[in-house]
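Asks:
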Amino acid sequence: MGDEVVLLDFWPSMFCARTKIALAEKGVSYELKEEDLLGNMKSQMLIELNPALKKVPVLIHNGKPVCESLITVEYIDEIWSDKAPLLPSDPYQRAQAKFWADFIDNKIWSSGLKLWSTKGEILEEAKVEFIESLKLLEGNLGDNKPYFGGETFGFLDIAFISFYAWFYVYETFGSFTIEAHCPKLIEWAKRCLQKESVSKTLPEQLKIYDFVLLVNKIYGRD
Amino acid sequence: MGGSEVILLDFWASMFGMRVRIALAEKGIEYEFKEEDLVDNRSPFLLKMNPVHKKIPVLIHNGNPVCESLIAVQYIDEVWKGKAPLLPSDPYQRAQARFWGDFIDKKVYDHGAKIWKTKGAEQEESKKGLIECLKLLEGELGDKPYFGGESFGYLDIALVPFYSWFYTYETFGKFSIEAECPTLIGWVKRCMDKESVSKSLADPHKVHDLVLILKKKHGLE
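Those protein sequence lines, which keep their order, are chains E and Y. So the number in the numbering used here is just where the residue sits in the first sequence, counting from 1, plus 133. So the number in the numbering used here is just where the residue sits in the second sequence, counting from 1, plus 27.
#1: Within 8 Å of any Cβ in chain Y, is that where the Cβ of V189 (chain E) sits?
#2: Check whether the Cβ atoms of F193 (chain Y) and P231 (chain Y) lie closer than 8 Å to each other.
#3: With DSSP as the reference, label L192 (chain E) as helix, strand or coil.
#4: From which residue to which residue does the alpha helix (DSSP H) around E262 (chain E) run?
#5: Using a cut-off of 8 Å between C-beta atoms, extract the partners of C200 (chain E) located in chain Y.
#6: May I ask you to report which of helix, strand or coil DSSP gives V47 (chain Y)?
#7: Could you name the residues of the same chain whose beta carbon sits closer than 6 Å to that of M28 (chain Y), not counting the 5 residues immediately before and after it, in chain order?
#8: With a cut-off of 8 Å on the beta carbons, I'd call W242 (chain E) and L270 (chain E) a contact; round off their distance for me.
#9: Of the residues E:Y208, E:G282, E:L186 and E:E201, which one's Cα is nearest the Cα of R121 (chain Y)?
#10: So if DSSP puts M178 (chain E) in a beta bridge, which residue, or which two residues, is it bridged to?
#11: Output, in chain order, the set of chain E residues within a Cβ distance shorter than 8 Å of E57 (chain Y).
#12: Using alpha carbons as the reference points, say which of Y:L73, Y:L114, Y:G147 and Y:L36 lies closest to K201 (chain Y).
#13: Do the stretch 86-103 of chain Y and the stretch 50-60 of chain Y touch if we need at least three Cβ pairs shorter than 8 Å?
#14: Is D67 (chain Y) close to chain E? Criterion is C-beta to C-beta, closer than 8 Å.
#15: In terms of alpha-carbon separation, which member of Y:G156, Y:P118, Y:L168 and Y:N68 lies closest to I212 (chain E)?
#16: Leaving aside the five residues before and after I291 (chain E) along the sequence, list all residues of the same chain whose C-beta is less than 7 Å from its C-beta, in chain order.
#17: Should the stretch 304-324 of chain E be called in touch with the stretch 136-143 of chain E, which here means at least 3 C-beta pairs below 8 Å?
#18: State the DSSP-derived secondary structure class of P316 (chain E), mapped to helix, strand or coil.
#19: Using beta carbons (cut-off 8 Å, strictly below), is L161 (chain Y) in contact with chain E?
#20: Using a C-beta to C-beta distance shorter than 8 Å, which residues of chain E count as neighbours of D129 (chain Y)?
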């Protein structure tokens, strides 16, 4: 179809992982361009294509940039609509999927960040919020659905499975296991990992852990 | 759509609530407006309809709650699609509209809130931040009558409610948004000519009075 797809990426980013999983689900070939964000060296291309936020992922489709991971996933679903539908077809289910994806970005991501970048009371408070948030999210799985999307893997599954690579970091820094609090979530994660689009995209948990150790060192948070 | 029951849980001064009011008006949907008294206490009904965030607006359609204003606007557009399309039909344009709507939520709201909540250097920074964001949005508007192009749409709805709060920002921050972003104010006036907008937006002076009460209540004078 003559489509040119480029993705501006940073390998540890759970947000970039979402876009990659969506592209894999749709069988779209693309060129991966890695940004060196650890050294805070944003490329000229990133600054030009996402001037408002200067963040990855940036999906570039035939030269035109789409920014913000969840927006890229929805865009991918609309453009390559002939295969593997990601968003539900029912408007109410779509609204629910978007609500919980927004919840992940606001509550789970921010408390998760505090787990590895703070100590003491702030860390303990973040841990409570993190676990409570995971439980709320787990509640959406119910007893009968293999995926958040129902019978098939979809938008909300993509929104959260991207965080799986970071579970070891959260558990190690927070001194807890996610499985002890949310066993259904771990079952769901294992189910998702059986999909090639997920297993081939997600970085290894230990590599993310090493990355975090390095970041903490750089910011003097040893 | 016969037998459809629509309720909106809202707070008169909320720019997020105004978005949903405008979308419902654009589509000509009748609904019951339930006012929450957010200055004092959240009602049990709100806590039941939005247990996760306990926030308004909540759009309740046939008993099913939809939370988060931009999600509600998209939902309204999808359910009542026969009239006044709000999102563009082209996927790329849709992605752009969603991006800027998300940008408004992440940046404009926070800067604006800090202008009336803080003083000194923090306030100055927030003023600068707000103007930068509004200028970026102005750039996005360009020469077009609306963000949506020829017709009023999603991104216009996402931003125009903030106009009710401009007087508050300007008064506490001692600056003029029109002086910095004249094109944007031109766009606001164009939007205000639409009944769906003028009837949904709160009176800027009433918003200012509310903020005086809030500042007093939270010891922010």
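Here a beta-carbon is modelled for each residue, glycine too, at the ideal position from N, C-alpha and C. These numbers were taken from a predicted model, which means no experiment stands behind them.
Replies: Considering the structure as presented:
#1: V189 (chain E) is outside the set of residues whose beta carbon lies under 8 Å from a beta carbon in chain Y.
#2: In contact: F193 (chain Y) and P231 (chain Y) (Cβ atoms closer than 8 Å).
#3: In the structure shown, L192 (chain E) adopts extended strand secondary structure according to DSSP, grouped into three states.
#4: It spans G253 to E271 - the alpha helix (DSSP H) in which E262 (chain E) sits, taken as one unbroken run.
#5: In chain order: F126.
#6: Residue state, collapsed to three classes: helix.
#7: Confidence at M28 (chain Y) is low in this model, with a pLDDT of 47, below 50, so the placement of that residue is unreliable and no value is reported for it.
#8: Contact doesn't hold; Cβ gap of about 12 Å is too wide.
#9: Taking only the C-alpha atoms, the option nearest R121 (chain Y) is E:Y208.
#10: Answer by DSSP bridge pairing: none, since M178 (chain E) is not bridged.
#11: One finds nothing in chain E with a Cβ atom closer than 8 Å to the Cβ of E57 (chain Y); even the nearest lies about 19 Å away.
#12: The shortest C-alpha separation from K201 (chain Y) is found at Y:G147.
#13: Segment contact: the stretch 86-103 of chain Y against the stretch 50-60 of chain Y, three or more CB-CB distances shorter than 8 Å; contact assigned.
#14: It does not: the Cβ of D67 (chain Y) has no partner Cβ on chain E nearer than 8 Å.
#15: If we check each option's Cα against that of I212 (chain E), Y:P118 comes out closest.
#16: So the qualifying residues of the chain are R151, I154, A155, V206 and L219.
#17: With a cut-off of 8 Å, the stretch 136-143 of chain E and the stretch 304-324 of chain E do not count as touching, because too few Cβ pairs lie within range.
#18: Here P316 (chain E) sits in helix by DSSP.
#19: By the rule that beta-carbons nearer than 8 Å mark a contact, L161 (chain Y) does not touch chain E.
#20: Within chain E, the residues near D129 (chain Y) are E201 and I204.
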